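So the protein sequences, as listed, match chains A and B.
According to the numbering used here, the first sequence holds residues 1 to 175 in order.
According to the numbering used here, the second sequence holds residues 1001 to 1175 in order.
For glycine and all other residues, C-beta sits at the position ideal for the given N, C-alpha and C.
From a predicted model like this one, the values you see are computed outputs, not experimental measurements.
For reference, the structure is listed below as structure tokens.
Protein chains: 2
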Amino acid sequence: MTLVNDSPEPLRFASALTWNEEGLIPAIVQDAENGEVLMLAWMDERALRDTLATGQTHFYSRSRRTHWHKGETSGHVQHVESISLDCDGDVLLIKARQIGGACHEGYRSCFFRGLGDGGRIDVIADPVFDSALVYGSSQRTDPATPDHGSGSAEEITRTIVRGSRTDLPRSRLEE
Amino acid sequence: MTLVNDSPEPLRFASALTWNEEGLIPAIVQDAENGEVLMLAWMDERALRDTLATGQTHFYSRSRRTHWHKGETSGHVQHVESISLDCDGDVLLIKARQIGGACHEGYRSCFFRGLGDGGRIDVIADPVFDSALVYGSSQRTDPATPDHGSGSAEEITRTIVRGSRTDLPRSRLEE
Chain A
1 MTLVNDSPEP LRFASALTWN EEGLIPAIVQ DAENGEVLML AWMDERALRD
51 TLATGQTHFY SRSRRTHWHK GETSGHVQHV ESISLDCDGD VLLIKARQIG
101 GACHEGYRSC FFRGLGDGGR IDVIADPVFD SALVYGSSQR TDPATPDHGS
151 GSAEEITRTI VRGSRTDLPR SRLEE
Chain B
1001 MTLVNDSPEP LRFASALTWN EEGLIPAIVQ DAENGEVLML AWMDERALRD
1051 TLATGQTHFY SRSRRTHWHK GETSGHVQHV ESISLDCDGD VLLIKARQIG
1101 GACHEGYRSC FFRGLGDGGR IDVIADPVFD SALVYGSSQR TDPATPDHGS
1151 GSAEEITRTI VRGSRTDLPR SRLEE
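See below:
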């Protein structure tokens, strides 16, 4: 990717973006091979700079208030193929080659649940890896889920995604 | 789409989502036919309910603090094929059949600008309609752009997108 260099030019790109009041911008990651939308995460300027410098996605975790290199724990990195921005300059679209799966729950895409008949939420994909193995099964019994959405979404997911859901604390996981 | 009904069931889906502190959730719209990512906009519960009830996307404009039906002005509506949610339940992915173009600047996708060599921002798509004709050329001379990102992103775009950029006030446009 010719975007990856350490010249001052990437700064020009960063300055062309509209960052929100927290200095962040949402980045959609799309599978460069088949067009599947894999995830959405947030970047600050440093995450964007690291992404441009390394050619692999980096993000900023709003819940953990820290930077993270996607795949640092799992090895499931995303090799950036291209970056585009929307008409308002306030959303990024990153096409990337995904190694393994994007989702910490073991799926290729984070969008593995779909709205079905009658408002039901169905799992619409098969897992591509065992998240307990990748992220460590010892964490499965940890009851703390401080950063992972609580409430009905979790409960519904827990009911539906039997055997594939990890009750991992978000603070130890990638977003 | 079997999701579209006026039963109370969609409320169950809404309650399964993680809304941000403003009661909003980002919704990625993807072309159901070719997988192209078309746009990202925000929904509140009413916008989601309207989307489910009509089968066409509705959003909430943060800048104008109002609801909008995508395509109401342009006719470029989005017919919803499916809705999925990510692992955190805080992002929606909507696959839709796009009529015309999603972008108010005349492009099929809002992501019509890409990061090129040396940090340059290039237009990477051809317009599919004349935004001045669709939204009204009389607005082209209106200098007010209160809601459209100002600053360098705009300036760079203005330099590059010759002839295709409309200086329309965002307050009169879809987001």
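Between which two residues does the alpha helix (DSSP H) containing residue i stretch?
i, result
"THR54/A", "45 to 54"
"LEU1133/B", "1131 to 1135"
Can you tell me whether residue i is buried or exposed, with buried defined as 16 or more other CB within 10 angstroms of its CB?
i, result
"ASP196/A", "In the structure as shown, chain A begins at 1 and stops at 175. Residue 196/A is therefore absent and cannot be evaluated."
"THR159/A", "Bear in mind that a pLDDT of 33 at THR159/A, under 50, signals an unreliable position, so the number given afterwards is only what the model happens to contain. Label assigned to THR159/A: exposed."
"GLY106/A", "buried"
"ALA16/A", "buried"
"SER131/A", "buried"
"GLY71/A", "buried"
"GLY119/A", "buried"
"ASP122/A", "exposed"
"ASP1031/B", "buried"
"ASP1126/B", "exposed"
"GLY101/A", "buried"
May I ask you to list the residues that DSSP assigns as paired with residue i?
i, result
"GLY1025/B", "Correcting the residue identity first, residue 1025/B is Ile in this sequence and not Gly. MET1043/B, per the DSSP bridge assignment."
"LYS1095/B", "GLN1030/B and SER1082/B"
"HIS104/A", "According to DSSP, HIS104/A bridges with nothing at all."
"PRO127/A", "TYR107/A"
Does DSSP put residue i in a helix, in a strand, or in coil?
i, result
"ARG12/A", "helix"
"ASP86/A", "coil"
"ASP1122/B", "strand"
"LEU1038/B", "strand"
Where do the ends of the beta strand (DSSP E) carrying residue i lie?
i, result
"VAL19/A", "Before going on, a small fix: residue 19/A reads as Trp here, not Val. Looking at the DSSP string, TRP19/A is not in any beta strand (DSSP E), and its letter there is neither H nor E."
"THR1066/B", "1066 to 1069"
"HIS58/A", "58 to 61"
"GLY1114/B", "1113 to 1115"
Assuming the contact rule is C-beta atoms closer than 8 Å, residue i and residue j should be a hit. Round their C-beta distance to whole Å, please.
i, j, result
"ARG217/A", "GLU36/A", "With chain A represented from 1 up to 175, any question about residue 217/A goes unanswered, as that position is not in the structure."
"ILE217/A", "GLY114/A", "Since the displayed chain A opens at 1 and closes at 175, residue 217/A lies outside it and no answer follows."
Just the chain E side, please: which residues come within less than 9 Å of residue i by C-beta, in chain order?
i, result
"SER131/A", "Included in the structure are the protein chains A and B, with no chain E among them."
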